[in-house]
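Count along the sequence shown starting at 1, add 113, and that's the number in our numbering. Built from N, CA and C at the ideal position, the CB exists for glycine as well. Report on the structure given below.
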Amino acid sequence: MEERSGRELESLLHGMDGKSYGAYKAVRGEWNLPDLHLLVDHVQGDPFAAPSRVRVILDTEVARFPEELFQTDARATGTACHLARRFADVAESPAGGRRKGSGRSGEISIEAPGQEVIPNTAVQLHPDGRVEARFRVGLPARGRRILGSACARLLLETVPELVRRSLCYDALDPDELRLHAETAEDAHWLRDKLREQRLVAFVANGSILPRRSGTDERPLAGDAVVPFRSPAGLRFEFELPNAGAVAGMGIPEGVTLIVGGGYHGKSTLLRSLERGVYGHRPGDGRERVVSDPDAVKIRAEDGRSVSSVDISGFIGELPGRLSTVDFSTPDASGSTSQAAAIVEAMEAGARLLLVDEDTAATNFMIRDRRMQALVPGDREPIIPFVDRVRELYEAHGISSILVIGGSGDYLDVADTVIAMTDFSPSLVTESAREVARQHPTDRRREVPGPLSKPAPRRPVAASLDPSRGRRKVDVRSRGTKEIRFGTEEIDLAAVEQVVSAAQVRALSEAILLARRKLGGTSPTLSELLDRVMAELHSDGLDVLGHGHDGDLALFRRHELAQAINRIRSLRCHTSGESAR
Ligand code: ADP
Ligand code: MG
Numbered sequence: 114m115e116e117r118s119g120r121e122l123e124s125l126l127h128g129m130d131g132k133s134y135g136a137y138k139a140v141r142g143e144w145n146l147p148d149l150h151l152l153v154d155h156v157q158g159d160p161f162a163a164p165s166r167v168r169v170i171l172d173t174e175v176a177r178f179p180e181e182l183f184q185t186d187a188r189a190t191g192t193a194c195h196l197a198r199r200f201a202d203v204a205e206s207p208a209g210g211r212r213k214g215s216g217r218s219g220e221i222s223i224e225a226p227g228q229e230v231i232p233n234t235a236v237q238l239h240p241d242g243r244v245e246a247r248f249r250v251g252l253p254a255r256g257r258r259i260l261g262s263a264c265a266r267l268l269l270e271t272v273p274e275l276v277r278r279s280l281c282y283d284a285l286d287p288d289e290l291r292l293h294a295e296t297a298e299d300a301h302w303l304r305d306k307l308r309e310q311r312l313v314a315f316v317a318n319g320s321i322l323p324r325r326s327g328t329d330e331r332p333l334a335g336d337a338v339v340p341f342r343s344p345a346g347l348r349f350e351f352e353l354p355n356a357g358a359v360a361g362m363g364i365p366e367g368v369t370l371i372v373g374g375g376y377h378g379k380s381t382l383l384r385s386l387e388r389g390v391y392g393h394r395p396g397d398g399r400e401r402v403v404s405d406p407d408a409v410k411i412r413a414e415d416g417r418s419v420s421s422v423d424i425s426g427f428i429g430e431l432p433g434r435l436s437t438v439d440f441s442t443p444d445a446s447g448s449t450s451q452a453a454a455i456v457e458a459m460e461a462g463a464r465l466l467l468v469d470e471d472t473a474a475t476n477f478m479i480r481d482r483r484m485q486a487l488v489p490g491d492r493e494p495i496i497p498f499v500d501r502v503r504e505l506y507e508a509h510g511i512s513s514i515l516v517i518g519g520s521g522d523y524l525d526v527a528d529t530v531i532a533m534t535d536f537s538p539s540l541v542t543e544s545a546r547e548v549a550r551q552h553p554t555d556r557r558r559e560v561p562g563p564l565s566k567p568a569p570r571r572p573v574a575a576s577l578d579p580s581r582g583r584r585k586v587d588v589r590s591r592g593t594k595e596i597r598f599g600t601e602e603i604d605l606a607a608v609e610q611v612v613s614a615a616q617v618r619a620l621s622e623a624i625l626l627a628r629r630k631l632g633g634t635s636p637t638l639s640e641l642l643d644r645v646m647a648e649l650h651s652d653g654l655d656v657l658g659h660g661h662d663g664d665l666a667l668f669r670r671h672e673l674a675q676a677i678n679r680i681r682s683l684r685c686h687t688s689g690e691s692a693r
């Protein structure tokens with residue numbers, strides 16, 4: 114596309130004044146303003162529609178970021194997330210866009226990251242030091258008539274000023290920038306170290322785990338907050354590349370229980386571990402809470418659909434002689450949904466399962482001696498998780514961290530027991546063993562045979578196709594928990610490690626990419642995940658969507674698997690069958 118000057122843009126806009134809104138289409142393209150490239154990728158159809166998609170690119174000599182701030186991927190991500198939040202802050206301040214005129218006229222908005230530090234397309238620091246920001250601008254109108262001079266001011270004064278104040282090194286606090294880059298790098302480094310130490314998670318001393326509310330992810334503040342402190346028996350120390358020595362609680366591989374009374378902070382700890390697969394911004398309180406990159410939250414989710422999952426290792430033959438070797442249902446129960454979630458996580462390569470009794474199916478988790486006596490095994494299809502959790506670790510290398518306040522049966526199968534009391538952890542493995550000796554449960558382990566590795570499933574291409582008949586492909590994300598996929602909804606409300614609307618948007622596009630990656634072949638779901646993630650890794654997030662979208666954030670293969678597994682129309686072939 115031909116590049117034109119700012120002056121040309123100015124006269125073009127003045128010339129449009131009073132014309133009907135459609136004339137704005139001419140603004141599309143690249144404009145070479147003093148100190149920045151302005152690229153208008155998409156012009157909104159009318160002032161009430163989603164605002165126009167705009168990018169700015171700053172050359173290295175203009176942005177002037179020192180190399181330390183972007184020399185590793187982790188540093189670049191930490192810095193870029195900070196720049197995006199800063200851009201959002203300035204855009205909302207009096208220096209930002211003013212809504213003036215009809216519809217969304219004058220609005221400037223960016224998809225700024227929240228507490229988590231995740232690679233995204235809102236602001237990117239390229240390896241050569243260029244800075245690119247992608248955002249939306251409501252091109253101004255009165256009614257449906259173009260406000261040309263207002264638009265000229267917006268694009269040629271307000272936007273450049275906003276960019277100068279938020280994306281140029283010289284206008285920013287250098288210490289703060291360095292902190293964002295280094296914090297991201299330290300967290301990445303720490304997560305990388307876990308496996309070497311045979312740990313599945315680490316929580317640094319001084320971490321602040323509780324959040325302000327269920328809808329406010331910022332750290333809880335005030336005198337009542339108890340900072341995290343490791344019990345002596347689980348204390349580990351690391352020498353971080355930037356922040357130096359850090360001590361905290363390491364959770365070893367194997368089966369770990371988090372026990373304790375109600376309201377003592379068990380779920381809060383587990384939720385921090387769920388989010389520990391991501392980095393966090395400085396000041397979040399969880400900057401040095403990390404967990405295994407393949408940690409997957411497991412929960413019951415009755416009502417979800419399941420397609421061809423072998424849950425027979427957890428659930429035997431169902432009433433009506435329904436086999437569970439190739440189990441499909443549009444409406445799973447609490448226990449079958451949780452069993453499916455575990456098998457699907459194994460299939461996608463999980464190394465750590467996180468389970469909270471608050472969101473687990475009780476009959477899936479436990480079956481005590483009295484129930485074993487009352488309901489004979491041949492009338493109970495469920496093989497309780499307590500009878501499989503050790504095997505998951507010993508035979509499959511998959512660790513578990515379980516919040517269990519209500520069932521002592523788990524004491525027999527745990528390697529590590531952490532008790533939360535008044536928000537402080539202590540290590541009680543030894544006393545738990547003693548209790549288990551003194552109070553034997555006398556229950557029998559009820560397993561029909563070994564838990565086998567999930568049989569590969571091969572998604573049927575047509576079932577990943579959102580278009581119906583001749584109608585065109587329509588996939589759209591809705592907020593942080595829903596994808597509109599053709600005529601159906603993919604409900605991600607129970608997929609708790611999806612943390613932003615930008616991730617949902619990226620997932621919705623990734624399903625289409627997965628569909629394309631199938632081509633004429635019939636890979637297993639696990640191979641398909643490999644293909645998509647490899648392409649994202651080598652070519653970046655711009656392989657998704659229109660190519661220059663500013664509202665995409667990275668996800669893990671696990672989130673993609675969870676989204677695909679929740680497509681109601683998903684059909685899979687299992688081994689033996691041909692997938693065509
Ligand atoms: P449990 O799962 O043990 O019942 P929760 O984790 O749900 O307990 O915590 C109960 C309440 O205590 C929540 O409102 C939570 O925000 C708060 N809380 C958790 N940890 C702390 C802490 N370290 N300091 C202060 N409040 C906390
Ligand atoms: Mg709880």
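Point to revise | Near the ligand ADP: L386 beta-carbon under 8 Å from a heavy atom | key: no
Review point. What whole-angstrom Cβ distance do P494 and L564 have, given they're in contact under 8 Å?
Key: Their Cβ separation, rounded to whole angstroms, is 15 Å, which puts P494 and L564 out of contact at 8 Å.
Check your understanding: Are there three or more Cβ pairs, one per stretch, closer than 8 Å when the stretch 423–441 is compared with the stretch 353–360?
Key -> no
Check your understanding: Can you check whether the CB of A254 is closer than 9 Å to the CB of P179?
Key -> no
Point to revise | Candidates Q485, G521, A458, I531: closest to I511 by CA position | key: A458
Check your understanding: Could you give the distance in angstroms between the alpha-carbon of V338 and the alpha-carbon of G398?
Key -> 11 Å
Exercise for review: Would you mind reading off the limits of the alpha helix (DSSP H) that contains A187?
Suggested key: 186–205
Practice item. Could you tell me the distance, in whole angstroms, from the CA atom of G519 to the CA atom of T637? Key: 39 Å
Review point. Would you report the Cα separation of R311 and E366, rounded to the nearest angstrom?
Key: 6 Å
**Study point:** Simplified DSSP state of Q485, which is helix, strand or coil
**Key:** helix
**Study point:** Beta-carbon proximity of E601 to Q485, cut-off 9 Å
**Key:** no
Check your understanding: Hey, would you say R670 sits closer than 9 Å to D652, going by beta carbons?
Key -> no
Review point. For Y391, is the classification buried or exposed, using 16 other Cβ atoms within 10 angstroms of its Cβ as the cut-off for buried?
Key: buried
Review point. Does the ligand MG have even one heavy atom less than 8 Å from the beta-carbon of G519?
Key: no
Exercise for review: Taking R266 as part of the beta strand (DSSP E), name the residues at either end of that continuous run.
Suggested key: Looking at the DSSP string, R266 is not in any beta strand (DSSP E); the run it does join, the alpha helix (DSSP H), is 261–266.
Point to revise | Opposing strand residues paired with E595 [DSSP bridges] | key: R591, D604
Check your understanding: In its own chain, which residues sit with a C-beta less than 7 Å from the C-beta of A606, not counting the 5 before and 5 after it?
Key -> K594
Review point. With burial defined as no fewer than 16 other Cβ atoms inside 10 Å of the residue's Cβ, what is the status of Y506: buried or exposed?
Key: buried
Exercise for review: Could you tell me if the beta carbon of V344 falls within a distance shorter than 8 Å of some heavy atom in the ligand ADP?
Suggested key: The residue you asked about is not Val; residue 344 is Pro in the sequence shown. No, Cβ of P344 sits at least 8 Å from all heavy atoms of the ligand ADP.
Review point. Under the criterion of a Cβ to heavy atom distance below 8 Å, does D535 qualify as lining the ligand MG?
Key: no
Exercise for review: Might you give, ordered along the chain, the residues of its own chain that have their beta carbon closer than 8 Å to the beta carbon of L620, omitting 5 neighbours on each side?
Suggested key: S590, I596, L605, V611, F668, E672, L673, A676
Practice item. Please list the segments of the beta strand (DSSP E) lying wholly inside the stretch 320–388, counting only runs of 3 or more residues, in order along the chain. Key: 324–326, 329–332, 348–353, 357–365, 368–372
Check your understanding: Who's in the neighbourhood of the ligand ADP, going by beta-carbon under 5 Å from any heavy atom, listed in chain order?
Key -> P323, V338, V339, G375, Y376, H377, G378, K379, S380, T381, F536
Exercise for review: Would you check whether the ligand MG has a heavy atom nearer than 8 Å to the C-beta of E470?
Suggested key: yes
Check your understanding: Is E309 buried or exposed, if buried means 16 or more other CB atoms sit within 10 Å of its CB?
Key -> exposed
Review point. On the three-state DSSP scale, how would you describe K410?
Key: strand
Review point. In chain order, what residues of the same chain lie with their CB nearer than 7 Å to the CB of A545, ignoring the 5 residues before and after it?
Key: L524, A527, V530
Review point. Near S450, what residues of its chain come up, given a Cβ to Cβ distance below 6 Å and the 5 sequence neighbours on each side ignored?
Key: A413, E414, D415, R417
Review point. Straight-line CA distance for E504 to G632?
Key: 37 Å
**Study point:** Host alpha helix (DSSP H) of T472 (start-end)
**Key:** First-last for T472: undefined, no H or E at that position.
Practice item. Excluding the 5 residues preceding and the 5 following Q616 in the sequence, name in chain order all residues of the same chain whose CB lies nearer than 6 Å to its CB. Key: A666, F668
Review point. Can you tell me whether DSSP reads I517 as helix, strand or coil?
Key: coil
Review point. Can you find a heavy atom of the ligand MG that lies under 8 Å from the Cβ of V516?
Key: yes
Exercise for review: For T381, I'd like the list of residues in its chain whose CB is within less than 6 Å of its CB, leaving aside the five on either flank, ordered along the chain.
Suggested key: L322, P323
Check your understanding: DSSP state of R217, grouped into three classes?
Key -> coil
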